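Numbering (my numbering), first residue to last: 4 to 371.
The beta carbon of each residue, even a glycine, is placed where N, CA and C say it ideally should be.
Nothing here was measured: the structure is a model prediction, and the numbers come from that model.
What follows is the structure, given as structure tokens:
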């Protein structure tokens with residue numbers, strides 16, 4: 004079967020939830036500061052052969068999207084999860100976790116980040132080689148121009164998602180509902196990973212999947228957002244299986260996450276967000292670089308550890324319905340020294356073991 008040339012990295016069924024007529028969508032292009040009230044839906048969030056010419060990945064994602072689309076329709080129709088969720092509905096819980104990760108990993112934003120990480124590592128290795136061997140063939144001034152990329156990196160990104168969804172199994176999931184005139188927006192990078200617990204604490208990646216304090220925000224319509232959160236770090240006021248009503252201030256805070264994390268475009272339902280413009284206070288919060296590099300001396304002091312990771316957004320998030328537990332704040336103070344030297348501060352020992360096992364499995368899969 005020939006592969007589809009136009010391959011979407013944000014599903015059409017998902018963006019239709021923000022469309023007024025099923026064929027157009029409101030769009031705000033960030034770099035041009037340009038608003039389009041009725042952009043063609045089919046022309047959004049795609050690249051030619053984004054997953055390659057082999058149709059396997061595209062077909063797997065299409066089948067999964069069909070199942071998720073049905074779930075979203077049911078959830079949006081009643082504005083709550085089924086009775087007994089998540090214990091009584093393990094398949095639903097599994098699919099939501101898998102959707103969160105596949106959508107997080109499959110975007111153009113993630114592909115750009117992975118290629119930037121690869122280029123950064125190549126430059127670091129070249130510089131270390133020059134320092135150690137004083138290689139006369141290498142010009143130090145040229146090293147900053149070194150770039151590298153992974154062929155078919157989008158396939159690698161999808162593989163990472165399917166390999167790591169179990170890392171979200173311990174997170175609580177709730178629905179957020181706008182009960183004001185303010186409505187939720189989305190973007191070309193709709194799944195936002197955040198960590199309020201470590202706001203203002205620098206020097207390490209804060210949104211690793213096993214990281215203590217992890218939050219994941221996914222708008223699914225102008226009225227509803229799915230939130231994953233670490234319940235050992237945050238306490239939330241929400242009715243079991245129901246939704247949390249959000250006022251205008253909280254909706255604006257959640258929307259600010261989309262403004263800060265989008266790669267190029269913000270999307271909205273035109274008639275419900277007619278005045279969607281680029282908020283002036285968000286400009287300074289957008290990432291200049293998609294990735295960051297930290298170097299530290301290894302424990303034996305004979306080598307350097309280089310950690311390259313995505314550059315997390317930080318917007319000073321404050322939500323009326325979600326509070327950081329005092330014991331979590333105290334935990335950060337007690338473990339502040341660890342923060343500066345460990346790449347991940349896991350939510351539990353079990354999760355740390357699982358992460359190690361999944362990494363080993365992934366490495367074996369990549370080398371088979």
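- If you draw a 10 Å sphere on the C-beta of residue 119, you find 16 or more other C-beta atoms in it, and that means buried.
- Comparing alpha carbon positions, the residue from 238, 108, 202 closest to residue 212 is 108.
- Residues of the same chain with a CB within less than 6 Å of the CB of residue 188, apart from the 5 flanking positions on each side, are 258, 261, 269, 271 in chain order.
- Separation of the CB atoms of residue 323 and residue 253 is rounded to 6 Å, and the pair is thereby assigned contact status at 8 Å.
- Short of 6 Å from the beta carbon of residue 19, and not among the five residues preceding or following it, lie these beta carbons of its own chain, in chain order: 25.
- Within the segment 238-268, the complete beta strand (DSSP E) segments at least 3 residues long are 246-249, listed from N- to C-terminus.
- The closest CA to that of residue 52, considering only 170, 195, 9, 250, is found on 9.
- Bridge partners of residue 325 according to DSSP: 239, 322.
- In the same chain as residue 364, and ignoring 5 residues on each side of it, the C-beta atoms closer than 8 Å to its own belong to 166, in chain order.
- For the pair of segments examined, the segment 217-227 was found not to touch the segment 50-64: the number of CB pairs separated by less than 8 Å stays below three.
- Cβ contact annotation for residue 331 (same chain, cutoff 8 Å, sequence separation greater than five): 200, 215, 216, 235, 236, 237, in chain order.
- Spanning the alpha carbons of residue 95 and residue 221 requires a straight line of approximately 16 Å.
- Residue state for residue 109 is assigned as coil, using DSSP reduced to three classes.
- Sorting 106, 348, 283, 264 by C-alpha distance to the C-alpha of residue 17 places 106 at the top.
- Secondary structure of residue 228 (DSSP, three-state): strand.
- With distances taken between CA atoms, residue 182 lies nearest to 251 out of 339, 251, 80, 88.
- Per the C-alpha coordinates, the member of 198, 75, 49, 175 positioned closest to residue 321 is 198.
- Distance from the CA atom of residue 110 to the CA atom of residue 102, rounded to whole angstroms, is 13 Å.
- If you draw a 10 Å sphere on the C-beta of residue 284, you find fewer than 16 other C-beta atoms in it, and that means exposed.
- By a beta-carbon distance limit of 8 Å, residue 338 contacts residue 348. Their separation comes to about 6 Å.
- Rounded to the nearest whole angstrom, the CA to CA distance from residue 45 to residue 333 is 49 Å.
- Remark: fewer than three beta-carbon pairs, one from each stretch, lie closer than 8 Å, so the segment 32-49 and the segment 78-97 are not flagged as touching.
- With fewer than 16 other Cβ atoms from the protein chains shown falling within 10 Å of its own Cβ, residue 352 counts as exposed.
- Judged by DSSP secondary structure, residue 166 falls within the alpha helix (DSSP H) whose first and last residues are 156-167.
- When 68, 229, 267 are compared, the shortest CA-CA separation from residue 35 is found for 267.
- Rounded to the nearest whole angstrom, the C-alpha separation of residue 328 and residue 264 is 26 Å.
- CA-to-CA, the gap between residue 178 and residue 336 works out to about 31 Å.
- The closest CA to that of residue 190, considering only 28, 350, 358, is found on 28.
- The C-alpha of residue 66 lies about 10 Å from the C-alpha of residue 60.
- For residue 37, the enclosing beta strand (DSSP E) stretches over residues 37-43.
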